[in-house]
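Below is one structure, written out as structure tokens; comments come after it.
Numbering (the UniProt record's numbering), first residue to last: 1 to 203.
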């Protein structure tokens, strides 16, 4: 949605109940059976980063490019997006859904990867420079859910003293009008994540 807003494109949004997946979702994403799915001219595209790249390619003449024009910078953007998916998200999720020694180990692993991202930002406002780009959109949801995780667990993961640039990035990203207008209400998200954590801990 953020990418479509950047491009200034109107769209229809369909909320999906993942506890009772619709036939439309199962038909459009039969491999992973997950959201998000973008349906463009009757054709479905699945997986967040794939959708971002598709939006940037098919709407390349609208507004500005989400991926950098420079081939090297473009490759680096894809690399750091994949880093978020493969290296950063798993320990953060494990930290949120465990307790005791397992949670402590996941916390340390998450901190290690967050320090890597802190160095990547290196005083930049956004990963894309002065305006948001591919990496910001790819990692943007973390800026919203990590504070929820922190609130539920009672443990801070990202603080301004340890991660000044990440903290500033999170605040700046969430402060953008196009981002603020498309965030799920906290009163809906927090109970969901609370229930998820409790379910994992009860296993």
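Where a beta carbon is used, it is the ideal one built from N, C-alpha and C, also for glycine.
Judged by their CB atoms, residue 32 and residue 47 are nearer to each other than the 9 angstroms cut-off. Closest option to residue 10, judged by alpha-carbon separation, among 59, 21, 147, 36: 59. For residue 84, the three-state secondary structure derived from DSSP is helix.
In the three-state DSSP reduction, residue 119 falls in the helix class (H, G or I). Following the DSSP letters along the chain, one finds residue 7 inside the alpha helix (DSSP H) bounded by residues 2 to 7.
Just measuring C-alpha positions, the residue of 88, 125, 122 sitting nearest residue 107 is 88. Closest by C-alpha distance to residue 165, out of 129, 186, 190, 185, is 129. By the neighbour-count criterion, in which 16 or more other beta carbons inside 10 Å mark a residue as buried, residue 75 falls on the exposed side.
Residue 126 sits in a strand when the DSSP states are folded into three classes.
Look at the UniProt domain "GST N-terminal" (1 to 63) and you find these whole runs of beta strand (DSSP E), each 3 residues long or longer: 37 to 40, 43 to 46. By the C-beta criterion, the stretch 138 to 146 is judged to be in contact with the stretch 156 to 174, since at least 3 inter-stretch pairs fall below 8 angstroms. The alpha-carbon separation between residue 99 and residue 123 amounts to approximately 34 angstroms.
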